[in-house]
């Protein structure tokens, strides 16, 4: 497994953010648009619980490389 091509998921319970490191071009759009969630100097660097699902979706859609995607969690 290539350590430079990781896929990680982060959820707030309602929406799950999927990050693919190999696609990331470090545009910083995510950090600029939602710094409460996207914190590149911290681990984990994505804290999905720090924002609303609507704001997360809006931010993820602005990712130019497609490194960030999302899916809605099923309601039980």
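Residue numbers (this note's numbering): 34 to 109.
Note that the Cβ used here is the ideal one computed from N, Cα and C, for glycine as well.
Residue i, DSSP secondary structure in three states
i: residue 90; result: helix
i: residue 95; result: coil
Span of the alpha helix (DSSP H) around residue i
i: residue 41; result: Looking at the DSSP string, residue 41 is not in any alpha helix (DSSP H); the run it does join, the beta strand (DSSP E), is 40-44.
i: residue 62; result: 62-66
Residue span of the beta strand (DSSP E) that contains residue i, given as start and end
i: residue 48; result: 48-53
i: residue 103; result: 101-105
Rounded separation between residue i and residue j - CA only
i: residue 37; j: residue 43; result: 18 Å
i: residue 70; j: residue 108; result: 23 Å
i: residue 81; j: residue 55; result: 21 Å
i: residue 4; j: residue 48; result: In the structure displayed, the chain extends from 34 to 109; residue 4 sits before or after that span and is not available.
i: residue 40; j: residue 98; result: 14 Å
Reference residue i, options the options, closest by Cα
i: residue 87; options: 57, 96, 105 and 39; result: 105
i: residue 28; options: 77, 103 and 91; result: This structure gives no information on residue 28, because the portion of the chain shown stretches from 34 to 109.
In DSSP terms, what residue i is bridged to
i: residue 79; result: 71
CB contact below 8 Å: residue i versus chain B
i: residue 48; result: Reference to chain B is not applicable here, since this structure consists of a single protein chain.
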